[in-house]
Amino acid sequence: MTLTFAASKYAPAPAAAKPSTSRKLRRTLTGWAFAGPATLIVVGLSLFPAVWAFFISRTKWNGIAQPTDIGWANYERLAQDPDLAAAAQHTLVLTVLFVPGSIVLGLLLAIALNQRIRLIGFYRTCIFVPYVASAAATGILAGYVFNPQFGLANDVLRRAGLPAQQFLESPRQALVVVCIVALWGEVGFTSVVYLAALQDVPKELIEAATVDGAGKWRVLRSVTLPQLRPVTLFATVWQTITALQLFDLIYTTTRGGPMNSTQTVVYYVYELAFQTRRLGYGAAVAYILFAVTLLLTALVIWRSRRSGEEAF
Amino acid sequence: MMLIPNRGSRRTSMVAGVTGLALLLGACGGGGSKADNGKDAAEGYDPAAQVTLTWWTGQPSEGEQKAEELAAEYMKAHPNVTIKTSSGAATTDDLLTKLSAGFTSNSYPDISYGYGSWAGELATSGKTQDLAKFVADPSFGWQEIPAAARETATYDGKVIGVPALVDNLALIYNKKLFDDAHVAYPTDQWSWDDFRAAAKKLTNPSQNLYGTAYSVSGSEDTTWHLWPMLWQRGGKILDGNKPAFNSEAGVGALELLRAMAVDDKSMYLDQTDEQYAKLFNDGRIGMMMSGPWALLEIKEAGLDYGVAQLPGYNGDHQTVSGPDLWVLFDHNDANRAGASRDFIKWLTSKETDAKWNLAIGNLPLRSSEQGTPEFAAYVKEYPGGQKFFENLANAKQARPTVAGYEEMSRNVGDGISKVLQGAAKPKEALDEAAKKSAGAIE
């Protein structure tokens, strides 16, 4: 990116006086001097491991003994792995709960925070703070709040006369609780993005609609929401990626338990690669996750480009 | 956010791919040479040569400090040897990852701490020394170390290290809870039925009291508590290269645990590995199957406790031991190999081990340490220590030292945790675990 940019910027200048080869070379080198460090970092820390992981995914390797090449066997195993199917299902449930949840909540909060009331800056900060806190800290705190014996959540239920729940220790509830905690942490992000977008909605449109006799609800539905569509698209893709990659929260709350009910695909990869040391198979699962994420994103962008939105 | 590649980035990624491939091939070429050529790693060792050894102790701060003191003591007596001591990784669990990275980059230590369950994998690295001849020398006193620990250090006839720590599981009980419920204390003659009956009597849901506890995290902590019960019934973990824990013995053992957890509800099921010991120390759990490592915190909690050997099946009270090892690595340097052997021999000798394991609250490595003043001090400080020491004799079998044990353990742990939470029957859970593990053990 930097390279193209630099080249196009300097391109018109040489048209006047034809440069000598040494000047051309110097320019190329200057360009690379700027782009080089970043390129090296990207190649060394992202692309090289990614390519290496592909080679690992075609081996049986525990990280210690010599790897044995087994071709596509790891990928063939993917199809018949019940644990992977369960993990994929958990990831899907999490995504389906988390993405619409964070968008609807984010939008509602943004509309609330867009009012002209006293101390609005303070409220805005409050909503954003959980997003800034590390997911690890959030997870540890959630562990205290949702502890079945001594936690605050059960205390509240007891006072309300409701039966105590097992929360993170129940295979049925754990995933939902993880999702709620994730929402608490991430909703600050979508609300800030929506807040910025709301302030970009042209005033004239709203005024025109009001003059035409539209009520508040109608303005929101017919003017504001359509104006927010590119942001919604961006938030959907972004939050989907966040949900698919959710790891730290699960690690600090349930470690995939109880009975693997919160084991998502990412956590399964971690478990395969670093707990039971099946690096080859783990890499194959990671590659499938990568392919699915890429496909989903490409699909969303392709659709949005076709309908003429400019979110990306 | 540019996710669809433009022309420029496609070219970059191609270049990166080629570079990556070249680097990968280079790495493979470098790691390909194996030290396993039949020659002893320390052949031609010159005890007077200047050597620098790297020692990863895998200890938390207190143990690490003690280790550094001992290394300094050794260096004083052997001025030609420099030992670089460090804990190696943030936690003992992380050591294996560090070692694995070290093997790839050729910067692994001379001596590292390692869990016994890693032995099979480390042995297949081709970077370990074979100490079989070295420990066979009578001056080493190999036979004084418990058999299960010696077996763990041995892979395919090769001895890859020296036991660093020995322990075992026994039954620790809270005397006050037994008194309150008017139940007689556990004895060394208890059967599992006695255990179940007592647990049921101790349980009191209204006061949040449980007879006993079991981890259902699905980790090795879940799995290895089942092994002694399997062995007592004449079962085996592996039969050759095939999982054999789903035999009648295994199913019977798991059925007893299931009945306690599901039917009697006398078992606190811990979703982590960390809660049940704390709840025991807190006086909420009557009995727990645990090891000598638990004694320090029990003592700090000021609990009045007793220790009995595990309940038995038909009079068989054998237990399981989880020995850890000092693994010795080969750097194609006879002097380093020889010096690391000499150091470990000194460290695990009767005299030094008393200053090491007993000082940091572990059981003594060698039976001969029983007469030392350090052992007397240890037993005085930890009243249960004597029983755990005697219980070493009940550790008759070892967990198999095979590559793939960790994966199998995970499958068995998942199965046990499902059964104890009422989501599966013992037979089907163990059969499934055996089926899943068949590919891992080869």
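Respectively, the protein sequence lines represent chains A and B. -18 is the number of the first residue of the first sequence in the numbering used here; add one for each residue after it. 5 is the number of the first residue of the second sequence in the numbering used here; add one for each residue after it. Beta carbons are placed, not taken as given, at the ideal position from N, Cα and C, and that holds for glycine.
Using the Cα positions of A:F271 and B:G365, report the straight-line distance between them to the nearest angstrom.
48 angstroms
Assigned secondary structure, B:G287 (DSSP; H/G/I helix, E/B strand, else coil):
The three-state reading of DSSP puts B:G287 in coil, since its state is none of H, G, I, E or B.
Could you name the residues of chain B that A:N241 contacts, counting a contact when the two beta carbons are closer than 8 angstroms?
G222, D418
Just verifying my parser: in three-state terms, what is the DSSP assignment at B:Y49?
coil
Who are the neighbours of B:P414 on chain A, taking C-beta pairs under 9 angstroms?
According to the sequence as given, residue 414 of chain B is Arg; it is not Pro. Going along chain A in sequence order, the residues near B:R414 (Cβ under 9 angstroms) are E252, Q256, T257.
Exposed or buried, which one is A:R258 when buried takes at least 16 other CB atoms within 10 Å?
With 16 or more Cβ atoms within 10 Å of its Cβ, A:R258 is classed as buried.
Go through its chain and collect everything with a Cβ distance to B:Q275's Cβ below 7 angstroms, but skip five positions before and after it.
V220, S221
Along the chain, which unbroken stretches of the alpha helix (DSSP H) at least 4 residues long are found entirely within the region 80 to 165 of chain A?
101 to 113, 116 to 126, 133 to 140
Residues that DSSP places opposite A:A50 in a beta bridge
The sequence shown places Asp at residue 50 of chain A, not Ala. DSSP, once it has assigned bridges, lists A:T40 as partnering A:D50.
Residues that B:I115 bridges to, as DSSP identifies them
B:W59, B:L332
Inter-residue CB distance, A:S38 and A:Y268 (contact presumed, cutoff 8 angstroms):
5 angstroms
Sequence-distant residues of its chain with Cβ nearer than 7 angstroms to A:A69 (five each side left out)
Non-local C-beta neighbours of A:A69 in its own chain, meaning closer than 7 angstroms and more than five positions away in sequence, comprise V246, ordered along the chain.
Do B:R345 and B:L329 come within 9 angstroms of each other at the CB atom, strictly closer than that value?
no
According to the Cβ coordinates, are B:P404 and B:L258 closer than 9 angstroms?
In this structure, B:P404 lies away from B:L258, with their beta-carbon atoms at least 9 angstroms apart.
Does the Cβ of B:G388 have 16 or more other Cβ atoms within 10 Å, making it buried, or fewer, making it exposed?
With 16 or more other Cβ atoms within 10 Å, it is buried.
Please list, in chain order, the chain B residues whose beta carbon lies closer than 8 angstroms to that of A:A46.
E125, T128, S129, G130, A407
Measure the alpha-carbon distance for B:M271 versus B:M293 and round it to whole angstroms.
So the two alpha carbons sit approximately 12 angstroms from each other.
Alpha carbon to alpha carbon, what distance is there between A:L276 and A:F79?
20 angstroms
Can you check whether the CB of A:A134 is closer than 9 angstroms to the CB of A:L227?
No.
Using only the alpha-carbon positions, how far apart do B:L434 and B:G254 sit?
8 angstroms
Amino acids of chain E, ordered along the chain, whose beta-carbon sits closer than 9 angstroms to that of A:G238
The question asks about chain E, but that chain is absent: this structure's protein chains are A and B.
Helix, strand or coil: which one does DSSP assign to B:L29?
Below a pLDDT of 50, predicted positions are generally treated as unreliable, and B:L29, at 39, falls in that range; no measurement from the model is reported.
Proximal residues, the region 40 to 72 of chain A versus chain B, C-beta separation under 8 angstroms:
N43, G44, I45, A46, Q47
Of all the CB atoms in chain A, is at least one closer than 9 angstroms to the CB of B:T158?
Using a Cβ-Cβ cut-off of 9 angstroms, B:T158 does not count as an interface residue toward chain A, since no Cβ of chain A sits closer than that to its own.
Give a yes or no on whether 9 angstroms exceeds the smallest Cβ distance from A:E167 to chain B.
no
Bridge partners - B:N208, DSSP secondary structure assignment:
Answer is B:L213.
According to a CB-to-CB cut-off of less than 8 angstroms, which residues of the region 146 to 160 of chain A neighbour chain B?
Contact residues of the region 146 to 160 of chain A toward chain B are L149, E150, P152 (C-beta to C-beta distance below 8 angstroms).
Once DSSP output is grouped into helix, strand and coil, what is the label at B:K70?
In this structure, B:K70 counts as helix in the three-state DSSP scheme.
A:V250 lies in the beta strand (DSSP E); which residues open and close that run?
Careful: A:V250 lies outside any beta strand (DSSP E), inside the alpha helix (DSSP H) at 246 to 251.
Three-state secondary structure (DSSP) of B:A3:
This structure leaves residue 3 of chain B out entirely; chain B is present only between 5 and 446.
Counting C-beta neighbours from all protein chains within 10 Å, is the total for A:V137 16 or more, i.e. buried, or is it exposed?
exposed
Cβ closer than 7 angstroms: which chain A residues qualify as neighbours of B:E411?
T257, R259
Could you tell me the distance, in whole angstroms, from the CA atom of A:K5 to the CA atom of A:V32?
Those two C-alpha atoms are separated by around 33 angstroms.
Checking contacts by CB at 9 angstroms: is A:T235 closer than that to chain B?
At least one chain B Cβ lies under 9 angstroms of A:T235.
Pick from A:T234, A:R287, A:E188: whose alpha carbon is nearest that of A:E150?
A:T234
For B:A152, which three-state DSSP category applies?
Correct three-state label for B:A152: helix.
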